[in-house]
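Chemist:
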Amino acid sequence: MLFGVFVPNGAFWSVYWIIEILGKAPGIRFLGAFAVQEAPMEKQTALESNAEYEAFVDKFKPKLTTDDCYTPPEVYEVVKNWACAKYGIDPAKIVRPFYPGGDYESFDYSGGAVVVDKPPFSKLVTICKFYLSEGVPFFLFAPELTLFSGRSIFTQINHIVPGCTVKYENGALVKTAFVTSFDAHIAAMTAPDLGRAIVAAQEEPSKSLPRYDYPDNILTGTMMQKMARNGISLEIYQKECAQVGRLDAQLAVKKSIYGAGLLLSTEAAEKAAAQKEAAEKAKKAKKAIKWSFSERELKLIEELGRKAKR
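Each number in my numbering corresponds to the 1-based position in the sequence shown with 976 added.
1. Whole angstroms are fine: how far does the CA of E1271 sit from the CA of E1279?
2. Within a Cβ cutoff of 7 angstroms, which residues of the same chain sit near Q1219, ignoring the five residues on either side of it in sequence?
3. The alpha helix (DSSP H) spanning K1283 covers which residue range?
4. Quick check for students: name the residue ranges of the beta strand (DSSP E) that lie wholly in the segment 1176 to 1258, counting only runs of 3 or more.
5. For the candidate residues Y1107, G1221, A1059, D1066, whose alpha-carbon lies nearest to that of Y1190?
6. Mapping DSSP to helix, strand and coil, what is G1171?
7. Our contact map puts L1240 next to E1216 with C-beta atoms below 8 angstroms; I'd like the distance itself, whole angstroms only.
8. Would you mind reading off the limits of the beta strand (DSSP E) that contains V1150?
9. Going along the chain, which residues of its own chain have a beta-carbon closer than 6 angstroms to the beta-carbon of G1126, five neighbours each way excluded?
10. Where do the N-terminal and C-terminal ends of the beta strand (DSSP E) with I1103 fall, by residue?
11. Starting from P1049 and walking both ways along the alpha helix (DSSP H), at which residues does that stretch end?
12. In three-state terms, what does DSSP make of L1116?
13. For N1134, write down the residues that DSSP places opposite it in a beta bridge.
14. Per DSSP, K1143 is paired with what?
15. Go to T1166, then tell me how far its beta strand (DSSP E) extends in each direction, as first and last residue.
16. Please classify G1281: is it buried, with 16 or more other beta-carbons within 10 angstroms of its beta-carbon, or exposed?
17. Just to confirm my understanding: we take A1258, look at its own chain, exclude 5 residues before and 5 after, and list those with CB closer than 7 angstroms. What are they?
18. Assuming Y1080 and I1103 form a contact by the criterion Cβ under 8 angstroms, report the distance between their Cβ atoms to the nearest whole angstrom.
19. Could you spell out where the beta strand (DSSP E) holding D1093 opens and where it closes?
20. Please classify I1070: does DSSP put it in a helix, a strand, or coil?
21. Check this for me: beta carbons of V1091 and L1116, under 9 angstroms apart or not?
22. Looking at the structure shown, is I1265 part of a helix, part of a strand, or coil, going by DSSP?
23. Could you tell me whether the segment 1155 to 1170 touches the segment 1054 to 1064, using the rule of 3 or more Cβ pairs below 8 angstroms?
24. Skipping 5 residues on each side, what residues in its chain have a beta carbon closer than 6 angstroms to that of T1141?
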């Protein structure tokens, strides 16, 4: 760090004392008319050593990946209890081999162990293959979006869809399903009761906003927003409507139309209702991409029908 020393005319002795004081301060030396502050060598060396040490240690720290979605305890308990009740699993036999730094292949599965756990999703097929080859029964968390992608093991496991999202401990929201070696004669099944239990386990106390269903003669800004978003045009003339803040039925319960709305004439209401319906159809049309079957696939469907009747 440099300190410039300005020397005005006739101020020689004042500057002399400034230089004397600075010159005696630790870590200060002069270069001509400049005072230079030097960093203490031992402190600088220590900082460099710490930085090198931290970089060295960091190499051995486990790196977080998208597989690091640790299951909330309350969700795991719900899943475990459901699996035990459904398949008659003894809770004392349940093991969880998937933990940071763990090795599921060398884990001890003796004594009739049953795996109920959330594995790394990226290795799910490999893990299922291992358990199937070793004869270890399992009930594993799985990503719903790619649930049926394990072609090599598809016919050996049951795929369970509870229809819910799990918020894992790292904050990730994942549509979660399950794969199991139990009841493998079933290819896929829904489990709405399990889904409801998982949702209930994750619920936090909160005020849910009420949803109102208004007569066709009421039009709100939210309704018009849906129309506009789906490319639907609508014009309501001043003579066809009146601004209204609440309905008489809402007075007694102290409720109102959020943001106010329009009270429409019968003709305007019919026009708005037709546009609302058109908006819903347009919304569905936007989302849906229709695919058709090939001749080969139609023949396969017929073959599956014959098999099912045998």
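Note that the Cβ used here is the ideal one computed from N, Cα and C, for glycine as well. Only a predicted model underlies this, so the values are computations on that prediction, with no experimental measurement involved.
Modeler: For this structure:
1. 12 angstroms
2. A1236, L1238
3. 1271 to 1285
4. 1194 to 1196, 1217 to 1220, 1237 to 1240
5. G1221
6. helix
7. 6 angstroms
8. 1149 to 1156
9. V1101
10. Per DSSP, I1103 belongs to no beta strand (DSSP E); it is in the alpha helix (DSSP H), 1100 to 1110.
11. 1049 to 1063
12. strand
13. T1156
14. L1149
15. 1164 to 1166
16. exposed
17. N1206, G1207, I1208
18. 7 angstroms
19. 1090 to 1093
20. strand
21. yes
22. coil
23. yes
24. L1149, K1151
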